[in-house]
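Written below as structure tokens is the structure these notes are about.
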Amino acid sequence: MKASFSKALVSVAAGTLLSTSALATEFMTIGTGGPTGVYFQVGNAVCQMVHREAAEGRSAGRQHGYRCSAPSTAGSIYNIRNIEAGELQFGVAQSDWQFHAVNGTSKFDDGQIGDLRAVFSVHPEPFQILAGEGSGITSWDDLKGKRVNIGNPGSGQRGTFEVLLNANNADLDYFGTASEFTSSEQSTALCNGDIDAYGYTVGVPNAGVAQAADGCGASIINLNNAAVEKLVADNPYYAFATIPAGTYSTTSADVTTFGVKATFVTSAKVDADMVYEVTRAVFENFDAFKSLHPAFSNLTPESMISEGLSAPLHEGAVRYYKERGWM
Ligand code: GLU
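For the sequence shown, the positions run -17 to 309 when this note's numbering is used.
This is the structure:
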């Protein structure tokens, strides 16, 4: 009796040891964007699913030890550069900047980021110019000489705004002043009258844009001149986008602009098991994931693994997609 009791104790202890070593905790960080943007919601939704799998996996006898955080960052270009540097394991990035990083073009003309890997794409992101109420700005031409926020360095919108200027044969001198407020500062600056307009590449709807549109009467202008038509015709990562009437209180008619996709990226140097578990966590909990932001409502696995991706898919993501029969 006494002997078998201590034997049972020993095997319990051995079992505990085994599962503890299998569950070594590993941390990952996902680069997002400003705290009022949609990237911040993407990163935190992914982390929520990773932690849900960790907890529910425990009761289902399937466990992983990954823990996740998704802090606010400067945005797309910052995220890609910091994934490359090993400071971030994952990040959200515009499809145009993913393309340029892979190809060593535009802001990445100092060298290709050969280790960049795609995991999936997320929501569409129209490039939006918000014009202050009473600014008189209703088209690209009206921006000439105005006080325009071009966004903080490292953000996707800053890069895409520069591309748009270039496409219109203009540079920063086209504006009266060009400011560098972050995405979480720009609506306050617009509503306070410190700037006349700002540019932002962001999912729809977005709380930051709502602050300016619903809060102080700012409007999103149409961007469909010849320069934009050429951008869309010449570049696979740009497409025309519509912001439907009624999205914000000042969106009285559909707005036409151009846009990209938000994408979720990592590095070839990130462990395949980690990428597999992150991918699995999102798609095994897909309805819960989609419910976390209205910009995710039209997402489908088919579009997420095919659209907006220029970098090769990470092998850990491919493992999951093959298991599901999606590839
Ligand atoms: N598209 C923006 C960027 O690349 C971020 C948008 C967001 O935070 O949702 O910096």
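Glycine included, each C-beta is placed from N, C-alpha and C at the ideal position.
| task | Tell me whether R40 sits in a helix, a strand or coil according to DSSP, three-state version. | result | Reduced to three states, the DSSP call for R40 is helix.
| said: At 4 residues or longer, what runs of the alpha helix (DSSP H) sit wholly inside the segment 5 to 51? | reply: 21 to 42
| When every heavy atom of the ligand GLU is checked, does at least one fall within less than 7 Å of the C-beta of F163? | no
| message | Under 7 Å: does the beta carbon of G241 sit that close to some heavy atom of the ligand GLU? | response | Checking every heavy atom of the ligand GLU against the Cβ of G241, none is found closer than 7 Å.
| task | Go through the residues and name those whose CB comes closer than 5 Å to any heavy atom of the ligand GLU, in chain order. | result | For the ligand GLU, the selected residues are G15, G19, V20, Y21, G57, S58, Q76, S137, G138, T183, V184.
| CB of A263 within 8 Å of CB of V32, strictly | yes
| task | Can you grab the Cα-Cα spacing for the pair G127 / F157, in whole Å? | result | 4 Å
| field | Cβ separation of S58 and Q76, assumed to be a contact under 8 Å, to the nearest whole Å | value | 5 Å
| Are there three or more Cβ pairs, one per stretch, closer than 8 Å when the segment 59 to 75 is compared with the segment 9 to 29? | yes
| task | Compute the Euclidean distance between the alpha carbons of S166 and R301, then round it to the nearest angstrom. | result | Rounded to whole angstroms, the gap between the alpha carbons of S166 and R301 is 37 Å.
| request: May I have the straight-line CA-CA distance separating V242 from H105, to the nearest angstrom? | output: 9 Å
| In DSSP terms, what P106 is bridged to | Its beta-bridge partners are K243.
| request: Name, in chain order, the residues that DSSP records as bridge partners for N131. | output: S161, Y180
| task | State the start and end residues of the unbroken beta strand (DSSP E) segment that holds A277. | result | No beta strand (DSSP E) holds A277; DSSP gives it neither H nor E.
| Cα-Cα separation between L70 and M10, rounded to whole angstroms | 7 Å
| On the premise that V237 lies in contact with N207, defined as a C-beta separation below 8 Å, what is that separation, rounded to the nearest angstrom? | Contact flag wrong, Cβ pair sits at about 14 Å.
| field | Inter-residue Cα distance where the pair is T7 and K272 | value | 27 Å
| query | How long is the line joining the alpha carbons of N188 and G181, rounded to whole angstroms? | reply | 14 Å
| Along the chain, which unbroken stretches of the beta strand (DSSP E) at least 3 residues long are found entirely within the segment 70 to 101? | 72 to 76
| So, are the CB atoms of Q110 and T248 less than 8 Å apart? | no
| task | Excluding the 5 residues preceding and the 5 following D124 in the sequence, name in chain order all residues of the same chain whose CB lies nearer than 7 Å to its CB. | result | G118
| field | Contact set for R49: own chain, Cβ-Cβ below 8 Å, skip 5 residues either direction | value | Within the same chain, R49 has close Cβ partners T7, E8, F9, M10, V32, H33, A36.
| field | Simplified DSSP assignment, three categories, for L172 | value | helix
| task | For G197, I'd like the list of residues in its chain whose CB is within less than 8 Å of its CB, leaving aside the five on either flank, ordered along the chain. | result | Only residues of its own chain outside the window of five on either side were considered, and among them S169, C173 have a CB closer than 8 Å to the CB of G197, listed in chain order.
| query | Would DSSP call V237 helix, strand or coil? | reply | strand
| task | Compute the Euclidean distance between the alpha carbons of I202 and G43, then round it to the nearest angstrom. | result | 50 Å
| task | State the start and end residues of the unbroken alpha helix (DSSP H) segment that holds I59. | result | 58 to 66
| task | Determine the closest residue to Q139 out of H296, T120, W308, P108, with distance taken between C-alpha atoms. | result | P108
| query | Given a threshold of 16 other Cβ atoms within 10 Å of its Cβ, counted over all protein chains shown, does A270 qualify as buried or as exposed? | reply | Around the C-beta of A270, fewer than 16 other C-beta atoms lie within 10 Å, and the residue is accordingly described as exposed.
| query | Among the residues of its own chain, which have a CB less than 6 Å from the CB of R129, if the five just before and after it don't count? | reply | G158, T159, I177, D178
| query | If you draw a straight line from the alpha carbon of A310 to that of T183, how long is it in whole angstroms? | reply | Summary: the structure shown does not reach residue 310, with the chain confined to residues -17 through 309, and so no result is reported for it.
| request: If I'm right that V28 touches V260 with Cβ under 8 Å, what's the distance once you round it to whole angstroms? | output: 6 Å
| request: Reducing DSSP to helix, strand and coil, say where L213 ends up. | output: The answer is helix: DSSP assigns L213 an H, G or I state.
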